[in-house]
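Numbering (numbering that gives the first Met the number 0), first residue to last: 0 to 288.
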Amino acid sequence: MILARQPRSPTLAPLVESLWTYDGQLAHGFERMLPSGRMQLLVNLHEDTFRDYRLDGRLAHKTRGVAIQGAYTAPRVVDTACQRSICGVSFAPASASPFLGMPASELTGKVVDLYEIWGRDGTILRERLLQASTPAARLDVLEAALLARARSSKPRDEAVAVACSLLMGGASVRAVGVRLGLSPRRLIERFQVHVGIKPKLFARIARFQRVLESAGGEMTWTTLAGEHGFSDQAHLVREFRAFSGATPAAYRPRSEEARNHVPLDERQFPSIRGGPPRGTLRQCPQTKP
């Protein structure tokens, strides 16, 4: 079961796309997560650990179960069995920086222990979420923690937030820079501080996300390529593979609503079937927090 809502606080409303919590077990163990250009705060309530894997099944990173996920630029693999009770915050583009106290570029492609950013407040947050009596109460705890941080933090860079909105709508990086009166160098600098990636890469990921929104209808991939400004279908396929780890024809999301979650066919990884060697994909212990 998933429960999600937008923040009730006017202070947080522009900064947070959703507060959410999930409880349940999926039929599949592993998922390929596709990049969106956004950052998240994640709290694993089932196990006090997050593990990220590369597409070849090798363990990429492990941290404690309350973390900030930086903007990813490539797909990664997660073990859903280890995250069967999880909650989090999905920040609007360029809007996590008020809660970080560091450039977003330092978190790009990483899942970082919240203790390194919030100190003991990060550890206390997980404890309070574990004590919450209902899923709705968890969202209240998350919102209260964010609001406490926002009151003592610097505001987001509104120009970069506008730039992200324009790029997600299909505007070119050059047009965005002209509209905001920013030189290419200055636009790149501010994007790396507040988004974590350069504007051209953000624009590519945004276009990929628009393709995912359009996929599954009556339009062919050739038509989609033309609709979204790719030079041809081959160009679309190259970009799709870069951001999803698969071709468009092989793309099978968990659901229409969860288009960035792609169940992993474990037959692609012989090490899983035969008892994975150290450092490769493995199921987590069947324990409760």
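The beta carbon of each residue, even a glycine, is placed where N, CA and C say it ideally should be. Source: prediction; values computed, not measured.
Distance, Cα to Cα, residue i vs residue j?
i, j, result
"PHE1", "ARG63", "According to the sequence displayed, residue 1 carries Ile and not Phe. Answer to the nearest angstrom: the Cα atoms are 22 angstroms apart."
"LEU44", "ILE85", "5 angstroms"
"GLN232", "ARG206", "14 angstroms"
"SER132", "ALA12", "25 angstroms"
"THR107", "GLY168", "23 angstroms"
"PRO134", "VAL236", "40 angstroms"
"GLU30", "TYR250", "12 angstroms"
"GLN39", "TRP220", "30 angstroms"
Between residue i and the rest of its own chain, which residues show a CB-CB distance below 6 angstroms, the 5 nearest in sequence each way excluded?
i, result
"ARG125", "VAL42 and VAL65"
"THR10", "ALA149"
"SER94", "LEU14 and ARG155"
"VAL172", "PRO198, LYS199 and ALA202"
Under the rule that 16 or more other beta-carbon atoms within 10 Å means buried, what is residue i, buried or exposed?
i, result
"VAL177", "exposed"
"GLN130", "exposed"
"THR246", "exposed"
"MET101", "exposed"
"THR222", "exposed"
"SER96", "buried"
"GLY228", "exposed"
"SER35", "buried"
"SER230", "exposed"
"VAL213", "A small correction: the amino acid at residue 213 is Ser; Val does not occupy that position in the sequence shown. It counts as exposed."
"ILE123", "exposed"
Could you name the residues of the same chain whose beta carbon sits closer than 8 angstroms to that of residue i, not counting the 5 residues immediately before and after it, in chain order?
i, result
"MET218", "GLU226"
"VAL110", "LEU41, PHE49, ASP51, HIS60, THR62, ALA66, ILE67, GLN68 and GLY69"
"ASP112", "THR62, ARG63, VAL65, ALA66 and GLY121"
"HIS234", "ALA224"
"PRO269", "Low local confidence applies: a pLDDT of 47 at PRO269 is under 50, so the model's placement there is unreliable, and no value is given."
"GLN5", "ALA12, VAL15, GLU16, SER17 and LEU18"
Between the options, which lies nearest to residue i when the distance is taken from Cα to Cα?
i, options, result
"GLN82", "LEU99, VAL111 and ASP47", "ASP47"
"ALA248", "LEU211, LYS199 and PHE229", "LEU211"
"GLU16", "GLU142, LEU223, VAL175 and GLU238", "GLU142"
"ALA202", "ALA147, ALA162, LEU166 and TRP19", "LEU166"
"ALA91", "CYS163, MET101 and ARG258", "CYS163"
"GLU255", "THR221, GLN39 and GLY215", "GLY215"
"GLU157", "ALA174, ALA144, VAL192 and SER89", "VAL192"
Does the ligand NAD have a heavy atom nearer than 7 angstroms to the CB of residue i?
i, result
"LEU129", "The ligand content of the structure shown is nil, which means the ligand NAD is not present either."
Cutting at 7 angstroms between CB atoms, please list the residues of its own chain near residue i, excluding the five before and the five after it.
i, result
"SER8", "GLU142 and LEU146"
Let me see if you follow: with CB-CB separation under 8 angstroms, is residue i close to chain C or not?
i, result
"ALA233", "No chain C appears in the structure shown, which is made up of a single protein chain."
Worksheet item: Can at least three beta-carbon pairs, one atom from the region 111-118 and one from the region 10-29, be found at a separation below 8 angstroms?
Response: Segments in contact, no.
Worksheet item: Within the chosen definition, does the region 172-189 reach the region 237-248 through at least 3 CB pairs nearer than 8 angstroms?
Response: no
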